[in-house]
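Below you'll find the structure, written out as structure tokens, and then a few comments.
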Amino acid sequence: GIQVEQSPPDLILQEGANSTLRCNFSDSVNNLQWFHQNPWGQLINLFYIPSGTKQNGRLSATTVATERYSLLYISSSQTTDSGVYFCAVGTYNFNKFYFGSGTKLNVKP
Amino acid sequence: NAGVTQTPKFQVLKTGQSMTLQCAQDMNHEYMSWYRQDPGMGLRLIHYSVGAGITDQGEVPNGYNVSRSTTEDFPLRLLSAAPSQTSVYFCASSYVYRGDLADTQYFGPGTRLTVL
Chain A
1 GIQVEQSPPD LILQEGANST LRCNFSDSVN NLQWFHQNPW GQLINLFYIP
51 SGTKQNGRLS ATTVATERYS LLYISSSQTT DSGVYFCAVG TYNFNKFYFG
101 SGTKLNVKP
Chain B
1 NAGVTQTPKF QVLKTGQSMT LQCAQDMNHE YMSWYRQDPG MGLRLIHYSV
51 GAGITDQGEV PNGYNVSRST TEDFPLRLLS AAPSQTSVYF CASSYVYRGD
101 LADTQYFGPG TRLTVL
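Chains A and B, in that order, give the protein sequences.
When we follow the numbering used here, the leftmost residue of the first sequence carries the number 1, and every step to the right adds one.
When we follow the numbering used here, the leftmost residue of the second sequence carries the number 1, and every step to the right adds one.
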């Protein structure tokens, strides 16, 4: 299967700070998603972004498929951004998804 | 729309018992899947389905069975529970376009399973 590596594994921010989370993957993909798992365990989809750039409020994401990485940007972080951020990738014709180990974000007030 | 629903929310089993985790979605999604999440780890795919009557194995299928008789429902069966199956189980669904997932996956709230 595809190897998915996320960095950093842990991140502590002061409220208001900006951050960049990275996702590297080992093979060509046709599907890439970013999720936020809140402290109650709920998984919330943030972006479906197999290529290009998208923005949603304070969050934006960029995927460079040819170089096999994706970045998630969080600006002006808030305590409600705390949780674990996962990147997941899928390949052509197989419909199998592989998750990274996540980045655990703690935003302090 | 209720989205993706899972029952039960919590379950405790004894080693060797069997049970079925239920998953249903009301978005008419062709693709449905089951994942398990162990402490401090990402999700790992157990089984998935691209439509009624079609299922396939994911990364960690051993000890689990699935079937898909309707578009809406995708139950996961534990045949003989083992302590190694203690985990949180998530069900997800998504659209399919020309055989590939064409959108993000929508996750249910999860089932926390403990096997003693």
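Even for Gly, the Cβ is constructed at its ideal location relative to N, Cα and C.
From the DSSP output, read off the bridge partner residues of Leu72/A. Taking the first residue of the first sequence as position 1, residue 72/A is located at position 72. When DSSP reads this structure, Leu72/A sits in a beta bridge with Leu21/A, Ala61/A.
Can you give me the Cβ contacts of Gly1/A inside the same chain, cut-off strictly under 8 Å, excluding the 5 residues immediately before and after it? The count along the first sequence starts at 1 and reaches residue 1/A at position 1. Excluding five sequence positions before and after Gly1/A, the CB atoms of its chain that fall closer than 8 Å to its own CB belong to Lys96, Tyr98, given in chain order.
Is any beta-carbon of chain A found at less than 8 Å from that of Asp103/B? As a working note, residue 103/B is residue 103 in the second sequence. True, the Cβ-Cβ gap to chain A drops below 8 Å.
Host beta strand (DSSP E) of Glu5/A (start-end): Along the first sequence, read from residue 1 onward, the residue named residue 5/A stands at position 5. Run containing Glu5/A: 4-7, per the beta strand (DSSP E) assignment.
Applying a beta-carbon distance threshold of less than 8 Å, which residues of chain B neighbour Gly1/A? The count along the first sequence starts at 1 and reaches residue 1/A at position 1. Near Gly1/A (Cβ distances below 8 Å), the residues of chain B are Glu59.
Any idea if Leu116/B is buried or exposed, counting beta-carbon neighbours within 10 angstroms, 16 or more meaning buried? Your numbering for residue 116/B matches position 116 in the second sequence. So Leu116/B counts as exposed.
Look up Ser51/A in the DSSP assignment and say whether it is helix, strand or coil. Within the first sequence, residue 51/A is the residue found at index 51, counting from 1. Annotated three-state conformation of Ser51/A is coil, per DSSP.
Beta carbon of Phe35/A, beta carbon of Ile44/A: below 8 Å? Along the first sequence, read from residue 1 onward, the residue named residue 35/A stands at position 35. Along the first sequence, read from residue 1 onward, the residue named residue 44/A stands at position 44. At a Cβ-Cβ threshold of 8 Å, Phe35/A and Ile44/A count as neighbours.
State yes or no: is the beta carbon of Val66/B nearer than 8 Å to at least one beta carbon in chain A? Locating residue 66/B in the second sequence gives position 66, counting from the first residue. The Cβ of Val66/B sits no closer than 8 Å to any Cβ of chain A.
Limits of the beta strand (DSSP E) - the one that Phe74/B falls within: One-based indexing of the second sequence puts residue 74/B at position 74. Per DSSP, Phe74/B belongs to no beta strand (DSSP E) and is neither H nor E.
CA nearest to the CA of Tyr73/A, picked from Gly41/A, Asn18/A, Cys23/A: Residue numbering aside, residue 73/A sits at position 73 when the first sequence is read from its first letter. For the residues Gly41/A, Asn18/A, Cys23/A, the minimum Cα distance to Tyr73/A belongs to Asn18/A.
In chain order, what residues of the same chain have a beta carbon less than 7 Å from the beta carbon of Gly102/A, not counting five sequence neighbours either side? Mapped onto the first sequence, residue 102/A falls at position 102. In the same chain as Gly102/A, and ignoring 5 residues on each side of it, the C-beta atoms closer than 7 Å to its own belong to Gln6, Val84, Tyr85, Phe86, in chain order.
Against Lys54/A, what residues of chain B qualify as contacts under a CB-to-CB distance less than 8 Å, listed in chain order? Position 54 of the first sequence, counted from the first residue, corresponds to residue 54/A. Counting only Cβ-Cβ distances below 8 Å, Lys54/A has no contacts in chain B at all, with the closest Cβ about 11 Å away.
Just checking my contact of Asp73/B with Ala2/B at CB under 8 Å: how many whole Å lie between their CB atoms? The residue given as residue 73/B occupies position 73 in the second sequence. The residue given as residue 2/B occupies position 2 in the second sequence. Asp73/B to Ala2/B, Cβ: 13 Å. No contact.
What are the partner residues of Ile12/A, as DSSP defines its beta bridges? Working through the first sequence from its first residue, we reach residue 12/A at position 12. In DSSP, Ile12/A forms a bridge with Asn106/A.
For Lys108/A and chain B, any beta-carbon pair shorter than 8 Å? If you number the first sequence from 1, residue 108/A lands on position 108. For Lys108/A, the answer is no, since every Cβ of chain B falls outside 8 Å of its Cβ.
Quick check: what's the CA-CA separation for Pro83/B versus Tyr92/A? For the purposes of this step, residue 83/B is taken as the residue at position 83 of the second sequence. For the purposes of this step, residue 92/A is taken as the residue at position 92 of the first sequence. Between Pro83/B and Tyr92/A, the C-alpha separation is close to 35 Å.
Among Gln14/A, Ser51/A, Pro39/A, Leu59/A, whose alpha-carbon lies nearest the alpha-carbon of Ala65/A? If you number the first sequence from 1, residue 65/A lands on position 65. For the residues Gln14/A, Ser51/A, Pro39/A, Leu59/A, the minimum Cα distance to Ala65/A belongs to Ser51/A.
I'd like to know whether the C-beta of Gly110/B is nearer than 8 Å to at least one C-beta of chain A. If you number the second sequence from 1, residue 110/B lands on position 110. Judged by the 8 Å Cβ criterion, Gly110/B is in contact with chain A.
Is the Cβ of Tyr89/B closer than 8 Å to any Cβ of chain A? Against the second sequence, residue 89/B aligns to sequence position 89. Not one chain A Cβ lies under 8 Å of Tyr89/B.
In this structure, does DSSP put Thr104/B in helix, strand or coil? Residue 104/B sits at position 104 when you count from the first residue of the second sequence. Three-state result, Thr104/B: coil.
Kindly indicate which three-state DSSP category Asp56/B falls into: helix, strand or coil? Indexing the second sequence from 1 puts residue 56/B at position 56. Three-state result, Asp56/B: strand.
On the CB-based measure, 16 or more other CB atoms within 10 Å of its CB, does Phe10/B come out buried or exposed? Locating residue 10/B in the second sequence gives position 10, where the first residue counts as 1. Flag for Phe10/B reads exposed.
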